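Add 222 to the 1-based position in the sequence shown for this note's numbering, that's all there is to it. We treat Cβ as the ideally placed atom computed from N, Cα and C, and that holds for glycine. What you are looking at is a predicted structure, and each value in this text was computed from that prediction instead of being measured.
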Amino acid sequence: MISLAYLANLPHCPGIYQMIDQHGKVLYVGKAKDLKKRVSSYFSPSQKANKIVSLIKHIDRIEVTITQSENEAILLECNLIKKYLPRYNILMRDDKTYPYIVINMQHTYPRIDLYRGTRHKNCLYFGPYSNAAFARETIGLIQKLFCLRTCRESVYRTRSRPCLLYQIGRCSGPCVQKISQEQYAQNVQSAILFLEGKNHDLIHLLKEKMDAASLAEHFEIAATYRDQMIQLRAIQEKQYVQVGSGDADIIDIEERAQMFAIQLLSMRAGCIIHSRSFPLKSPHDTTQKEAISAFISQYYLSLSSLVAENHLPKQIIVNVLPNGKRALESILTEKARHIVKIARPIRGKKLIWLKMAADSAKQALVQHTASQDAYEERWQALAQLLNVTTPLIRIECFDISHTQGESTIGSCVVFDAYGPVKRDYRYFNIVGEVGGDDLAAMHQALLRRFKRLIKTNSTLPDLLLIDGGETQLAVAHQVLSTLNLQIQLLSVSKGKARKRGEEVLHRVQMKPQRLQPDSQALHLIQYIRDEAHRFAITKHRSLRDKKRRRSRLESVPKIGPKRRQALLNYFGGIQGIARASLEELTKVPGVSRSLALDIFSVFHNETV
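Below is the structure:
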């Protein structure tokens, strides 16, 4: 319990506070202009919202961090929310960092790439993009239009002939001097104009270059510029919505049944270049002002998503003014190095832009609410089927995947009342001589999972769902009994016909049960089981393919990178090593006779 003495000694200065429960889990992160006033307000006798009452019940201690300014507090709060994902904070459902397109200007022939992470000097960043698919599509368009390279430095330095991208007209071949440095620099500048949304300026520039090349009778070059202009005009017509002029981000928030959806439209040079909706996960009693404030800070200000200089718009148009508007404008201005204003229009074309975003946000909210309602109905149906005495809060499901015993993987997926909790997904590389023994693999995965949960004092599931029949159920029951855990168990097998809808449910000391194909509870069980299977097989294939791609040379003990390189250089490749005799192997510097014996036996599948 927080003492009055603790509250009395808090400083009157800006900073952030973290509310932590008895298990050390961060429940809430907040910022304050005055820490003493803000934190003390939670414990005043005045009436509070339900979420505040619930939060206070779980607080064991409060940790504060003093900052030099309110702007620093906003940044720190945003980064801690991204790090800890506190239960009582408003969270964006997609917690991945946002991708940027980067052009590395340090290189003589700059490379274009998709990038997430810390900024570096002498690189140009364009974004953030609302999804990686759109960013990759944009890079693909730039390859078609301007033939910029995308290869890594290690590949670029070692090329001796053009790659496939050059052959199909997606790269200009700077690695083998197929293009001059001056011409490549012009292509880079054209790509920058394209990424900045200045398509009209770019088309005008290309036309001037086409005319100049034509007058100089360089007709092939003029034709290249002509083709680029044609493609640019086609892209403009196909992918961009012309709404006026200027740069702005339009953000609309809509609410329905305590659920929020935010629609973001990014407009550059008067064109809407991309749009995306964001469902928000928020505590009860959250206001729209709080939600939109949390979105703006998380989208623009986290360390992993800092908007590059001059690429944050000068205007952020909203339908609801956020809490802390002035502080947000101040920190955004500081980061963008130009004035950024957050405004709510009441007339004119900006209101039309906002209506476009509102229509999309409402549609996204309807779809999200409908899917959430269906999910909640299935969740309640499963709780009724199990006849649970306490609320069903968390389900974990396990599955095993392998190929004839190779690269065996155990998967664990987690669901709560809102859907999959993907940050809690885990997979287990099954170790030892388990091979294709599904039961032994299941036993190992369950034992490792629940020992870890007990050791870290983490949340245990209310229901453990197993993909399998009675034997898999018996294995799970044995593991839980060994660890003295009281958790409901349920396994699902495919039935004799192995058809969807004919699954059989198994429970400890109960007869097998088959539900009707239209059962809501069965639909949820199928959904969770399929997700566990998808996660398991994806990880299994990744691990299997990685192992199969490994050179047999890597499986030889006592051979590190230097000796491998020496062998490859001496024999000219892996095939040369495979054909080499024992005497030839001993001639390689650093390779003793005993090591040569090991290498020879690996490649010839025999003991020498």
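Residue from the options with nearest C-alpha to residue i
| i | options | result |
| --- | --- | --- |
| S376 | Q708, C397, A483 and L819 | C397 |
| D659 | T693, C634, R670 and D638 | T693 |
| L702 | L298, G690 and L675 | L675 |
| L550 | A295, R260 and D243 | A295 |
| N609 | L685, A586, L415 and G546 | L685 |
| V840 | L415, V778 and L790 | The structure shown does not extend to residue 840, since the chain is modelled only from 223 through 830, so no value can be given for it. |
| R478 | C619, T808, N545 and Q585 | Q585 |
| N326 | K721, S262 and H342 | H342 |
| L487 | K536, I472, E439 and C385 | I472 |
| H329 | V410, R392, N272 and K304 | V410 |
| G349 | I278, Y521, S266 and Q797 | Y521 |
| K279 | L229, I224, A444 and A435 | I224 |
| D507 | K273, Q731 and G798 | K273 |
| A483 | D581, C393, E442 and I414 | D581 |
Contact under 9 angstroms by Cβ, residue i with residue j
| i | j | result |
| --- | --- | --- |
| T681 | R616 | yes |
| L668 | V697 | yes |
| V562 | D474 | no |
| L837 | L554 | A query on residue 837 cannot be resolved here, the shown segment of the chain reaching from 223 to 830 and no further. |
| A355 | Q485 | no |
| S758 | G632 | For clarity, residue 758 is Ala in the given sequence; the question names Ser instead. Result yes, Cβ atoms of A758 and G632 sit closer than 9 angstroms. |
| H665 | Q700 | yes |
| S504 | A516 | yes |
| K784 | D820 | no |
| S629 | L765 | yes |
| I284 | V261 | yes |
| L775 | R786 | yes |
| L249 | R309 | yes |
| L523 | E618 | no |
| E753 | L737 | no |
| K761 | S623 | yes |
| L257 | Y239 | yes |
| K366 | G391 | yes |
| R648 | Y749 | no |
| L543 | I568 | no |
| D621 | H728 | no |
| Q594 | Y640 | yes |
| A357 | P384 | no |
Residue i - DSSP class collapsed to helix/strand/coil
| i | result |
| --- | --- |
| Q626 | coil |
| K460 | Its pLDDT being 42, under 50, K460 is placed unreliably by the model, and nothing is read from it. |
| V324 | strand |
| E725 | coil |
| V275 | helix |
| A414 | The sequence shown places Ile at residue 414, rather than the Ala named in the question. Three-state DSSP puts I414 in a helix. |
| A698 | helix |
| Y522 | helix |
| Q708 | coil |
| D820 | helix |
| L608 | helix |
| A565 | strand |
| Y597 | helix |
| E531 | Below a pLDDT of 50, predicted positions are generally treated as unreliable, and E531, at 46, falls in that range; the measurement from the model is reported next regardless. In this structure, E531 counts as coil in the three-state DSSP scheme. |
| D335 | strand |
| D317 | Only weak support exists for where D317 lies, its pLDDT of 49 falling under 50; the coordinates are left without a value. |
| L370 | coil |
| V643 | coil |
| V465 | Note that V465 scores 45 on pLDDT, short of 50, meaning its location in the model is unreliable; the coordinates nonetheless yield the value given after this. DSSP places V465 in coil when its eight states are reduced to three. |
| V830 | Because the pLDDT of V830 is 38, which lies under 50, any placement of that residue in the model is unreliable, and the number read from its coordinates should be weighed accordingly. V830: coil per DSSP, three-state reduction. |
| L686 | strand |
| V542 | coil |
Beta-bridge partners of residue i, as assigned by DSSP
| i | result |
| --- | --- |
| F650 | G632 |
| T287 | I238 |
| D621 | S633 |
| F348 | I323 |
| K716 | The partner list for K716 (beta bridge, DSSP) is empty, contrary to what the question assumes. |
| P501 | A483 |
| R616 | D638 |
| E476 | A483 |
| A254 | G237 |
| V248 | I242 |
| Q735 | L727 |
Determine contact between the stretch 328 to 348 and the stretch 364 to 372, defined as no fewer than three beta-carbon pairs at a distance below 8 angstroms. Under the 8 angstroms Cβ criterion, the stretch 328 to 348 counts as touching the stretch 364 to 372, having at least three qualifying pairs.
Mind the definition here: the stretch 742 to 751 touches the stretch 602 to 613 only if three or more C-beta pairs lie below 8 angstroms; say whether that holds. Yes, they touch.
Discussion item. Between the stretch 565 to 581 and the stretch 709 to 718, can you find at least three pairs of beta-carbon atoms closer than 8 angstroms?
Written reply: Result no; under three Cβ-Cβ pairs closer than 8 angstroms.
Exercise. Give a yes or no on contact between the stretch 232 to 242 and the stretch 280 to 290, applying the rule of three or more CB pairs nearer than 8 angstroms.
Key: Counting Cβ pairs under 8 angstroms, three or more are found: they touch.
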